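Residues in the sequence shown are numbered from 4 upward in steps of one, following my numbering. A virtual CB, placed ideally from N, CA and C, is assigned to each residue, including glycine. Treat the numbers as computed from the prediction; the structure is a model and nothing was measured. Take a look at the structure set out below.
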Amino acid sequence: MDSFDYKKFYNEVGQMNGWDFSRLSVTVENALWNFWSEVSSRCKAGDILLDIGTGGGEALLRMAEAALLLIGIDHSEAMIHTANRNQEQSGTANIRFLPMEASELHFPERFFQVISCRHSEFNATEVARVLTDDGVFLTQQVGESDKRNLAQAFGRGQSGNAKRGTLMERYAAELKEAGFRQIDCRQYDAVEYYATAEDLIFLLKHTPIIPGFGQTESDFQTLHRFIAEHQTPKGILTNADRFMIIASK
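Structure (structure tokens):
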């Protein structure tokens, strides 16, 4: 999936769904952390937090009490529209959602004490510029081995043939170049079980795990075989490859 196709796909998801997968029935085993708990634990009552790639704002709305002010940005106008709609429904007063590119953050220098970025691109130089000297940046990203059995079954996946750890090493190097002194990298490869075929189809239709999923009838034939081969008493078996970087200046 090239950058143009991904942007179009992302906007369509933003209009339909935001980035909310809470409706999915999925069990995860051996995950080593919860990203938003990690972010919340580093917030103080008077902090200002920036979330890059906030999607429909679902995560920020759930952790509104963690900081004084929370600002979520996303390059997709459709996602921000969904986020603002979600905020209106929640009645939360200390969160703002803004359309903005991660490559050019329109904020003053040293403005945020905490910056988060989950499953979205970021610019290390811009993050360093708007983060206070005693602040912390946390990002969680999808590793190259994510959903490996699905990628094998379909013959395509979002990471291509990239070696596991490639993106983590690249981001760590970029953060170091931007002036971060402490860079803590962590990885896990957890087991996932999707309860039903509908849960798995929802995931595949609303993420780029299998680029272009559902555009041909053969995709559903492949999925049918995949489910038959990976059905277990706990659900349909796959994996979640994740890495997290915690960086401070």
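Delimiting residues of the alpha helix (DSSP H) encompassing residue i
i	result
T128	127-133
L52	Careful: L52 lies outside any alpha helix (DSSP H), inside the beta strand (DSSP E) at 51-55.
S40	38-44
R173	169-180
E61	61-65
L71	That residue, L71, is in no alpha helix (DSSP H); it is neither H nor E in DSSP.
L1	This structure leaves residue 1 out entirely; the chain is present only between 4 and 252.
C-alpha distance - residue i paired with residue j, whole-angstrom precision
i	j	result
A176	I248	11 Å
V42	L153	30 Å
D244	D187	17 Å
L240	K150	9 Å
T225	G217	10 Å
S257	Q143	Because the chain is modelled from 4 through 252, residue 257 falls outside the range shown and cannot be assessed.
A34	N242	10 Å
Y13	E80	Confidence at Y13 is low in this model, with a pLDDT of 34, below 50, so its placement is unreliable and the value that follows should be read with caution. Straight-line Cα distance between these residues: approximately 10 Å.
C120	W39	10 Å
P102	R184	30 Å
T219	F205	16 Å
E32	P236	14 Å
A70	S162	34 Å
E112	H209	35 Å
L63	V117	13 Å
R228	Y174	36 Å
R26	V145	20 Å
Q234	L72	44 Å
E68	R167	36 Å
CB-CB length for residue i against residue j, believed under 8 Å
i	j	result
R45	V139	5 Å
Q90	I83	Not quite, the Cβ-Cβ distance comes to about 10 Å (not below 8 Å), so this is no contact.
G59	A86	5 Å
L52	F115	6 Å
D136	K252	6 Å
I76	T57	6 Å
A131	G182	5 Å
E180	A127	7 Å
Range covered by the beta strand (DSSP E) that runs through residue i
i	result
T95	T95 -> no beta strand (DSSP E), and no H or E assigned at all.
E124	Counting along the chain, E124 falls outside any beta strand (DSSP E), and DSSP gives it neither H nor E.
E104	No beta strand (DSSP E) contains E104, which DSSP labels as neither H nor E.
E32	29-32
Residues of its chain near residue i, where Cβ-Cβ distance is below 8 Å and the 5 sequence neighbours each way are ignored
i	result
E129	A105, S106, E107, L108
A200	L226, I230, I239
E15	Bear in mind that a pLDDT of 44 at E15, under 50, signals an unreliable position, so the number given afterwards is only what the model happens to contain. Contacts found: A81.
Residues near residue i in its chain [Cβ-Cβ closer than 6 Å; skip 5 each side]
i	result
Q190	F246
F157	I213, T225
E203	Looking at the sequence provided, one finds Leu at residue 203 rather than Glu. Y197, I239.
A165	E147
I300	Nothing about residue 300 can be read from this structure; the chain reaches only from 4 to 252.
L178	A127, I186, A250
T30	Y196
F125	I55, A105
H78	E104
L207	I213, F216
D222	F216
Proximal residues to residue i (C-beta, below 7 Å), its chain only, five neighbours per side dropped
i	result
T169	E147
S93	L64
R159	I213, P214
I193	The residue asked about is misnamed: residue 193 is Ala in this sequence, not Ile. Closer than 7 Å at Cβ, skipping near neighbours: V31, E32, N33, A34, N242, A243.
Residue i CB to nearest heavy atom of the ligand MN below 7 Å
i	result
S43	Of ligands this structure carries none, so the ligand MN is not represented either.
If we require 4 or more residues per run, which alpha helix (DSSP H) segments fall completely within the stretch 183-239? As summarised for the stretch 183-239, the continuous alpha helix (DSSP H) elements at least 4 residues long and confined to that stretch are 200-209, 220-233, given in chain order.
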